[in-house]
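Working notes for the structure below.
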Amino acid sequence: MDLFNWDIISNLLPYDGEVYYYGQVLNTQRSLYYYQQLLQQIDWKNDEAIIFGKRIITKRKVAWYGEKPFEYTYSKTTKLALLWTKELLELKAIVEENTGETFNSCLLNLYHNGEEGMAWHSDAEKDLKKNGAIASLSFGAARKFSFKHKENKQKIDVILEKGSLLVMKGTTQTHWLHRLPPTKKVITPRINLTFRTIIEQ
């Protein structure tokens, strides 16, 4: 995807935000290469959350990387960023070239199969740049990704293919929730990279 094709990528949301799906920005061979590298080299950990005062450990695994040891707090738990790997820097450059945005951190998710997903939420933590872009790069199994308007409950779905890029920006996090719905149809893993901008307090 080169710079001159920006104008043909339309906003998936009808109002109150901006979501752009660029499709596959990495071909099958490169996508498989990065999938294998990320699977092997990233310091994956089971995610933790405090829900109704109880500490929950998820099957889904996560990792938090950045240009410095940023703190990032969500679900009432705080993570400290590990420094970029070579592969993450390469992928960050690809994302920045395609989107025209810049990022200083990345939250990675490893879903072992379709039964692991993510509930409705918005990425509006105080650590994140307000109305900043969040770029989602997907590897492995294709999965449905859903948006729901916070007030009128309108829903928008998109299938995220391997090697594909999706960007949320503007007031999306203010007005829309998003989730990765679970499915029994998918039996292989998916790795998702969400590049973000942390604002140090």
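Residue numbers (our numbering): 12 to 212.
A virtual CB, placed ideally from N, CA and C, is assigned to each residue, including glycine.
Keep in mind it's a predicted model, so treat the numbers as computed, not measured.
Relative to the C-alpha of residue i, which candidate in the options has its C-alpha closest?
i, options, result
"LEU188", "LEU99, ASN57, ASN163, LYS103", "ASN163"
"GLY174", "LEU148, LYS137, ARG190", "LEU148"
"ILE198", "HIS160, LYS180, GLY125", "GLY125"
"LYS140", "GLU112, LYS159, PHE158", "GLU112"
"LYS196", "ILE61, LYS155, ASN57", "LYS155"
"ASP134", "VAL169, GLY181, LEU100, TRP95", "GLY181"
"PRO192", "VAL169, MET129, ASN203, LEU49", "MET129"
"ASN203", "GLN40, TYR26, LEU24, TRP55", "TRP55"
"THR89", "GLU101, GLU59, LYS65", "GLU59"
"THR194", "VAL178, ILE170, ILE68, THR183", "ILE170"
"ASP27", "ASN57, LEU100, LEU49, LYS161", "LYS161"
"GLY186", "LYS72, GLN48, ASN142, LYS65", "What sits at residue 186 in the sequence shown is His, not Gly. Selected option, being the one with the closest Cα: ASN142."
"GLN35", "LEU177, GLY64, LEU100", "LEU177"
"ASN57", "ILE20, ILE67, PHE63", "ILE67"
"GLN48", "PHE114, LYS65, LEU100", "LEU100"
Less than 9 Å between the C-beta atoms of residue i and residue j, yes or no?
i, j, result
"SER42", "GLU78", "no"
"LEU118", "ARG207", "yes"
"GLU127", "ALA153", "no"
"ASN120", "TYR33", "no"
"GLU29", "THR84", "no"
"TYR76", "ILE53", "yes"
"LYS70", "HIS132", "no"
"ILE167", "THR205", "no"
"TYR45", "GLU98", "yes"
"ARG201", "PHE158", "no"
"ALA74", "LEU91", "no"
"ILE210", "ASP138", "yes"
"ASN103", "TRP95", "One point to set straight first is that residue 103 is Lys, not Asn, in the sequence displayed. Cβ atoms of LYS103 and TRP95: closer than 9 Å."
"ASN22", "TYR31", "yes"
What are the start and end residues of the alpha helix (DSSP H) that includes residue i?
i, result
"GLU98", "97-110"
"THR185", "183-186"
Taking the beta strand (DSSP E) that residue i falls in, what are its first and last residues?
i, result
"LEU37", "Run containing LEU37: none; DSSP gives neither H nor E here."
"LYS195", "No beta strand (DSSP E) contains LYS195, which DSSP labels as neither H nor E."
"TYR122", "116-122"
"LYS70", "65-77"
"SER60", "According to the sequence provided, residue 60 is Ala. The question's Ser does not apply to it. Start and end: 56-62."
"PHE156", "154-160"
"LEU91", "88-91"
"ILE170", "166-171"
"THR84", "82-85"
"SER175", "175-180"
"ALA130", "129-132"
Quick one: what's residue i bridged to in DSSP?
i, result
"SER149", "ASN203"
"ASN22", "TYR31"
"LEU49", "Per DSSP, none; premise fails for LEU49."
"LEU43", "Answer is none; LEU43 lacks a bridge partner."
"ILE210", "Looking at the DSSP assignment, ILE210 forms no beta bridge with any residue, so it has no partner."
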